[in-house]
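Using the numbering used here, the letters of the sequence shown map in sequence onto residues 18 to 288.
Cβ coordinates follow ideal geometry from the N, Cα and C atoms, glycine included.
Just so you know, these numbers come straight off a predicted model, no measurement behind them.
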Amino acid sequence: MQYKNILLTCALLAGMSACKTTQPPVSQAPSSTILQPYGPAWAALWQQKAAEYKALCFQAYNIARVRLDESLAQSSTLPPAIVTDIDETVLDNSPYTVHTALRGEGYAEKTWMEWTAKAAADTVPGALSFLQYAASKGVRVFYITNRSEAERASTLENLQRWHFPDADNEHLFLKTTTSGKESRRQQVAQTHHIILLMGDNLSDFAAIFDKQPVEKREQVTQQSAADFGKRFIVLPNPMYGDWLPAMFQYDYKRRPAEMDSLLRAQMKDYK
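Okay, structure coming up:
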């Protein structure tokens, strides 16, 4: 238990270098714990080391295989396709979160570009085998991501490194003028029958989820409940995503201390 408390303190304070081997009194923890920007390090640790994370990914892709086979048994006038996100759906970027969070930094385009340029992201458990299975059944794979055009070469290099199917320019749709993915999904739908959409963020599935406040996100998720596990395959990602900025109105210009205060205010506690 002492080791776990020490690890929690290290991950959520000012980085590993600030961590001491002596456990602080419990009474000091609430005032010193910082959710933003150090909290994501804890989420990244879970993603890297928890077998439960891998189990959830395998569960998602096992369901995806069942749904794929069911869809292929039905006739369609268009060839079948899967639309998938990349980050935290097929590629694991937790090392980037560790690198930035333990330095007290949030996402920044410069550091993100430095990371993706390495083309070093590992695969999300179950993703590669599922997409290779889909390809063996004649299903095309389209990658719709909000990575930038400047990341095209390194993104393809990373996907090709692991032998993901359809890892080429024709099947890679990068961010253009907007982070919304609906127009790109519609572009695929013009030539293919999309049987599955896969992602870690609700906006990977439909425009109704784009940039919605917390309450609206919950509402439209309830309305779309029947699609999850059927057409929508969701991968776990506690590190980042629209769930987080939804709590501070997508205002990325807020100072970390202000974001931290807003996040704390929305946490459920008990007395």
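Note: L214 is bridge-paired with V100, F249 in the DSSP secondary-structure output. Around the C-beta of P253, 16 or more other C-beta atoms lie within 10 Å, and the residue is accordingly described as buried.
Per DSSP, Y160 is one residue of the beta strand (DSSP E) stretching across 157-161. Of the candidates A263, K285, V156, D86, V156 places its Cα closest to the Cα of H209. Beta-bridge analysis with DSSP links F190 to I161.
Looking at the DSSP output, T140 sits in a beta bridge with L108. Non-local C-beta neighbours of F147 in its own chain, meaning closer than 7 Å and more than five positions away in sequence, comprise Y78, A81, R82, ordered along the chain. N186 sits exposed, since fewer than 16 C-beta atoms from the chains shown fall within 10 Å of its C-beta. The beta carbon of Q240 lies closer than 7 Å to none in the same chain, with the five residues before and after it left out.
S111 places its beta carbon 8 Å or farther from that of Q53.
M130 carries a helical assignment under DSSP once its states are collapsed to helix, strand and coil. Inter-segment contact for the region 82-97 and the region 196-203 is absent: fewer than three beta-carbon pairs are separated by less than 8 Å.
Short of 7 Å from the beta carbon of F226, and not among the five residues preceding or following it, lie these beta carbons of its own chain, in chain order: L219, S220, R234, V237.
It is roughly 42 Å from the alpha-carbon of L279 to the alpha-carbon of Q207.
Annotation for Q204: F190 place their beta carbon closer than 8 Å to its own, counting only its chain and skipping 5 residues before and after.
Membership of R271 in any alpha helix (DSSP H) is not indicated, and neither H nor E is assigned to it by DSSP. With a cut-off of 8 Å on Cβ pairs, the region 169-180 is not in contact with the region 110-126, counting fewer than three such pairs. Looking from the CA of L214, the closest CA among A68, R84, Q76 belongs to R84. Inter-residue distance for R120 and R271 is about 19 Å (C-alpha atoms, whole angstroms). Using a 10 angstroms sphere on the CB of H188, the tally of other CB atoms reaches 16 or more, which defines it as buried. Between I103 and M264, the alpha-carbon positions lie close to 24 Å from each other. Here V231 is exposed: its Cβ has fewer than 16 other Cβ atoms, across all protein chains shown, within 10 Å. Out of D268, A282, G258, the CA that lies nearest to the CA of P57 is found in G258. In terms of Cβ geometry, G143 and F75 form a close pair [threshold 8 Å]. With contacts defined as CB atoms closer than 8 Å, E168 and V141 fail to qualify as a contacting pair.
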